[in-house]
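A short write-up of the structure that comes next.
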Amino acid sequence: MKKFKLMEHELVPLHIVLSEEEKEEVLKRFGVREHQLPKIKVTDPVIKEIGAKKGDVVMIIRKSPTAGESVTYRYVIE
Amino acid sequence: MTVLSEEEVSRRIEELPIPEKIIGELKEELKGKKITEEKFKELEKRILEEYTKKIVDPCEAVGIVAAQSIGEPGTQMTMRTFHYAGVAEINVTLGLPRLIEILDARKTPSTPMMTIYLEEEYRKDREKAREIAWRIESTTVIDIASIKTDLTEMKIIIEMNEKKAKQRRITVEELFEKISSVTDEEVQLEGNTITISLGEPSYRKLLQLTEKIKNVNVKGIEEIRRVIIRKENDEYVLYTEGSALKKVLEVEGVDSRRTKTNNINEIAEILGIEAARNAIISEATETLEEQGLNVDIRHIMLVADIMTADGELKQIGRHGVAGEKTSVLSRAAFEETVNHLLEAAMRGEIDELVGVTENVIVGQPIKLGTGDVELVVRKEMVGGKQ
């Protein structure tokens with residue numbers, strides 16, 4: 001038995017927790033409020049791994065077959 | 079006329095507000111070509127023009143376009159449920175039933191299957207791959223032993239087949255231990271034979287216990303019923319019937335970076351919602367492609383985005399996306415018309431008529447494309463005068 005490394009799996013994109021200032025900047029840039037962003041649960045294995053808390057916004061850098069790389073945000077909910 | 083240096087061209091391409099993939103393609107295309115300042119300006123203009131033209135406009139009905147683009151080729155899919163994945167003898171649901179399964183976000187697919195990649199040291203050697211296959215494939219008592227019941231003596235006699243057991247690296251002691259752990263009755267080991275003697279005589283108990291013993295998992299992962307080894311681009315890959323992602327990822331020798339399952343709910347649970355989104359996209363694309371249909375991946379990406387937007391898998395249908403719409407009329411137009419209208423009437427729901435379906439029903443212009451914009455004339459501008 002070994003512990004597998006979740007973040008290294010090819011299906012899992014890079015998740016980064018944003019700081020309060022970065023979060024404000026993102027919300028302002030899109031002109032939305034937090035709950036209008038796509039959501040992710042606190043119980044999500046990746047969220048547990050990176051230690052994000054409820055109310056945080058995570059930046060997700062996806063590998064996209066159409067754009068090469070695309071950035072999205074998800075709001076951490078309960 | 080000044081010819082720009084390659085570095086200069088590269089740098090300026092990177093500054094353009096276009097996606098990374100186009101930047102890469104552009105660099106590749108312009109490699110070794112002489113680009114003058116004028117040429118680059120023209121290039122830049124044309125690319126940005128083309129790119130902006132192709133971006134989705136605000137208020138464009140992308141969802142409807144996606145639904146049509148997936149729905150139309152869907153009509154051409156075969157209704158045949160079962161098919162074999164390549165040469166391997168594993169039965170997998172393909173075609174329309176599989177596509178429906180993906181979009182319905184079923185808890186378990188009708189044919190769960192895993193593709194297991196191996197680590198460097200195991201992937202080139204068939205024997206080593208076999209070794210891991212034995213570690214994963216579930217071995218029950220009946221696979222390696224014959225079971226007899228002695229009704230006169232109230233005994234169950236389990237005779238281990240040495241050859242089969244050796245192949246799967248199971249010793250008689252291990253078997254003995256497994257069997258002892260599932261029953262309270264007296265268990266004895268003698269050579270390759272294990273005998274269970276019942277304390278009190280009961281035929282029902284004897285038969286029940288025999289059935290139970292038959293299916294006791296001795297080695298491997300219970301959910302994985304069968305493993306098949308196949309060579310693919312000079313490496314050995316394991317295909318399984320049955321799926322247990324977490325347990326398999328923890329097995330020594332399994333490449334935990336590439337190993338995957340066709341059970342999307344399991345991926346969501348173990349690898350997270352973003353991984354599930356990727357899995358929906360790849361599973362749906364593969365299903366469509368296998369049927370010889372080409373659907374632009376952007377439509378499928380939109381579907382996957384909607385299904386995962388709330389942080390958990392949501393089906394496209396009345397229990398998911400369509401059932402959560404705020405508009406009563408829109409929900410009623412989809413499925414279970416009477417139920418929705420009745421409930422809405424009892425609760426006194428109000429329909430704001432903001433969506434598409436509602437407005438079609440009442441005969442108003444829909445709020446899409448040019449229908450979403452309202453024009454206002456500034457009085458003082460009439461006639462072109464200030």
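Protein chains in written order, with my numbering: chain U, 1 to 78; chain Y, 79 to 464.
Using N, Cα and C, we set each Cβ at its ideal position, and we do this for glycine too.
(message) At the 8 Å Cβ level, is U:GLU10 part of the contact set with chain Y, yes or no?
(response) Working through the first sequence from its first residue, we reach residue 10 of chain U at position 10. At least one chain Y Cβ lies under 8 Å of U:GLU10.
(request) Spell out whether any CB of chain Y is found under 8 Å from the CB atom of U:ILE50. (result) Counted from its first residue, the first sequence places residue 50 of chain U at position 50. Judged by the 8 Å Cβ criterion, U:ILE50 is not in contact with chain Y.
(message) Can you check which of these residues, Y:LYS338, Y:VAL455, Y:GLN245, is closest to U:GLU8 by C-alpha distance?
(response) Walking along the first sequence from the start, residue 8 of chain U turns up at place 8. Comparing Cα-Cα distances from U:GLU8 to each of Y:LYS338, Y:VAL455, Y:GLN245, the minimum goes to Y:LYS338.
(request) Can you grab the Cα-Cα spacing for the pair Y:ILE351 / U:HIS35, in whole Å? (result) Within the second sequence, numbered from 1, the residue matching residue 351 of chain Y stands at position 273. Within the first sequence, numbered from 1, the residue matching residue 35 of chain U stands at position 35. Roughly 17 Å separates the two Cα atoms.
(request) Please work out which residues of its chain come closer than 8 Å, Cβ to Cβ, to Y:GLU240, disregarding the five sequence neighbours upstream and downstream, and give them in chain order. (result) By 1-based counting over the second sequence, the position of residue 240 of chain Y is 162. The residues are ASN270.
(request) On a CA-only basis, which of Y:TYR129, Y:ILE91, Y:HIS377, Y:GLU310 is nearest Y:ALA144? Give me that one, please. (result) Your numbering for residue 144 of chain Y matches position 66 in the second sequence. Selected option, being the one with the closest Cα: Y:HIS377.
(request) Report the three-state DSSP secondary structure of Y:THR218 (helix, strand or coil). (result) Translated into the one-based positions of the second sequence, residue 218 of chain Y becomes position 140. Three-state DSSP puts Y:THR218 in a strand.
(request) Using a threshold of 8 Å, state whether the C-beta atoms of Y:LEU391 and Y:ALA354 are closer than that. (result) On the second sequence, position 313 is the one that residue 391 of chain Y refers to. On the second sequence, position 276 is the one that residue 354 of chain Y refers to. Yes, Cβ-Cβ distance for Y:LEU391 and Y:ALA354 is below 8 Å.
(message) Going by DSSP, what residue range makes up the beta strand (DSSP E) through Y:GLN266?
(response) Residue numbering aside, residue 266 of chain Y sits at position 188 when the second sequence is read from its first letter. Per DSSP, Y:GLN266 belongs to the beta strand (DSSP E) from 264-268.
(message) Would the region 311-323 of chain Y count as touching the region 205-218 of chain Y if we require 3 or more Cβ pairs under 8 Å?
(response) yes
(request) Evaluate contact between the region 322-337 of chain Y and the region 172-187 of chain Y, counting only Cβ atoms and requiring at least three cross-stretch pairs below 8 Å. (result) no
(request) Could you please give me the residues that DSSP links to Y:GLY389 through a beta bridge? (result) For the purposes of this step, residue 389 of chain Y is taken as residue 311 along the second sequence, with counting starting at 1. DSSP, once it has assigned bridges, lists no residue as partnering Y:GLY389.
(request) May I ask you to verify whether the region 404-415 of chain Y touches the region 45-62 of chain U, counting CB pairs closer than 8 Å and requiring at least 3? (result) no
(message) For Y:ILE214, tell me which candidate among Y:GLN154, Y:ILE307, Y:TYR281, Y:LYS131 has the shortest Cα-Cα distance.
(response) Within the second sequence, residue 214 of chain Y is the residue found at index 136, counting from 1. Closest option to Y:ILE214, Cα to Cα, is Y:ILE307.
(message) Taking 8 Å as the cut-off, does the region 450-462 of chain Y touch the region 422-440 of chain Y (at least 3 CB pairs, one atom from each stretch)?
(response) no
(request) Let me know the alpha helix (DSSP H) ranges lying completely inside the region 324-407 of chain Y, each 4 residues or longer, listed in chain order. (result) 342-349, 351-368, 375-386
(request) Would you identify the three-state DSSP class for Y:ASN417, choosing helix, strand or coil? (result) Walking along the second sequence from the start, residue 417 of chain Y turns up at place 339. If DSSP states are grouped into helix, strand and coil, Y:ASN417 belongs with the helices.
(request) Report the neighbours of U:GLY68 on chain Y: residues whose CB is nearer than 7 Å to its CB, in chain order. (result) Stepping through the first sequence from its first residue, residue 68 of chain U is reached at position 68. Ordered by position in chain Y, the residues that pass the 7 Å Cβ test against U:GLY68 are PRO97, GLU98, LYS99, GLY102.
(request) Mind reading off the beta-carbon distance from Y:ALA223 to Y:ILE234? Whole number of angstroms is fine, and I expect it under 8 Å. (result) For this step, residue 223 of chain Y is matched to residue 145 along the second sequence. For this step, residue 234 of chain Y is matched to residue 156 along the second sequence. The Cβ separation is near 11 Å, so there is no contact.
(request) Rounded to whole angstroms, what's the CA-CA distance from Y:VAL165 to Y:LEU172? Just pull it up for me. (result) Mapped onto the second sequence, residue 165 of chain Y falls at position 87. Mapped onto the second sequence, residue 172 of chain Y falls at position 94. Residue placement at Y:VAL165 cannot be trusted, given a pLDDT of 48 that sits under 50; what the coordinates show is reported in the next sentence. Taking the straight line from one Cα to the other gives about 15 Å.
(request) Give the straight-line distance between the Cα atoms of U:GLY31 and Y:VAL399, rounded to the nearest whole angstrom. (result) Within the first sequence, the letter at position 31 stands for residue 31 of chain U. Within the second sequence, the letter at position 321 stands for residue 399 of chain Y. Between U:GLY31 and Y:VAL399, the C-alpha separation is close to 24 Å.
(request) Use the C-beta contact count for U:LYS45: other C-beta atoms within 10 angstroms, 16 or more gives buried, fewer gives exposed. (result) For the purposes of this step, residue 45 of chain U is taken as residue 45 along the first sequence, with counting starting at 1. Looking at the sequence shown, residue 45 of chain U is not Lys but Pro. Classification of U:PRO45: buried, given that the 10 Å Cβ count is 16 or more.
(request) Quick one: using the 10 Å Cβ neighbour count with 16 as the cut-off for buried, is Y:ASP450 buried or exposed? (result) For the purposes of this step, residue 450 of chain Y is taken as the residue at position 372 of the second sequence. Classification of Y:ASP450: exposed, given that the 10 Å Cβ count is below 16.
(message) For Y:ALA223, report the span of its beta strand (DSSP E) as first-last.
(response) Looking up residue 223 of chain Y in the second sequence gives position 145. Note, Y:ALA223: beta strand (DSSP E), 223-228.
(request) Give me the Cα-Cα distance between Y:GLY426 and Y:ILE394, rounded to the nearest whole angstrom. (result) Locating residue 426 of chain Y in the second sequence gives position 348, counting from the first residue. Locating residue 394 of chain Y in the second sequence gives position 316, counting from the first residue. Looking at the two C-alpha atoms, the distance is approximately 26 Å.
(message) For chain U, check one thing: does any of its Cβ atoms lie closer than 8 Å to the Cβ of Y:ASP388?
(response) For the purposes of this step, residue 388 of chain Y is identified with residue 310 of the second sequence, where counting begins at 1. Cβ-Cβ to chain U under 8 Å: yes for Y:ASP388.
(request) Mind checking which residues open and close the beta strand (DSSP E) that includes U:ARG74? (result) Taking the first sequence and counting its residues from 1, the one referred to as residue 74 of chain U is at position 74. Where U:ARG74 is concerned, the enclosing beta strand (DSSP E) stretches over 68-77.
(message) Counting only beta-carbon separations shorter than 8 Å, does Y:VAL165 have a partner in chain U?
(response) Along the second sequence, one-based indexing puts residue 165 of chain Y at 87. Confidence is the limiting factor: at Y:VAL165 the pLDDT is only 48, short of 50, which leaves the residue's position unreliable, though a coordinate-based value still follows. No, no contact with chain U.
(request) Determine the contact status of Y:PHE118 and Y:VAL87, defining contact as a CB-CB distance below 8 Å. (result) Residue 118 of chain Y sits at position 40 when you count from the first residue of the second sequence. Residue 87 of chain Y sits at position 9 when you count from the first residue of the second sequence. Yes, these two residues count as a Cβ contact at 8 Å.
(request) Give the C-beta separation of Y:VAL373 and Y:ILE168 to the nearest angstrom, bearing in mind that I take them to be a contact with Cβ-Cβ under 8 Å. (result) Here residue 373 of chain Y refers to the residue found at position 295 when the second sequence is read from its first residue. Here residue 168 of chain Y refers to the residue found at position 90 when the second sequence is read from its first residue. Not a contact, Cβ separation roughly 25 Å.
(message) Looking at chain Y, is there any beta carbon in it that lies within less than 8 Å of the beta carbon of U:ASP44?
(response) Within the first sequence, numbered from 1, the residue matching residue 44 of chain U stands at position 44. U:ASP44 counts as touching chain Y.
(message) Once the 5 residues before and after Y:ILE389 are set aside, which same chain residues still bring their CB inside 6 Å of it?
(response) Within the second sequence, the letter at position 311 stands for residue 389 of chain Y. For the sequence presented, residue 389 of chain Y should be read as Gly rather than Ile. Same-chain partners within the cutoff: ILE351.
(request) Compile a chain-ordered list of the residues in the region 304-334 of chain Y whose CB is closer than 7 Å to at least one CB of chain U. (result) LEU327, GLU328, GLU330, SER334
(request) Report the three-state DSSP secondary structure of Y:ASN295 (helix, strand or coil). (result) Stepping through the second sequence from its first residue, residue 295 of chain Y is reached at position 217. Looking at Y:ASN295 - three-state DSSP - the assignment turns out to be strand.
(request) For chain Y, find out if any of its Cβ atoms is closer than 8 Å to the Cβ of U:PHE82; answer yes or no. (result) Within the shown structure, residues of chain U are numbered from 1 to 78, placing residue 82 of chain U beyond reach of any answer.
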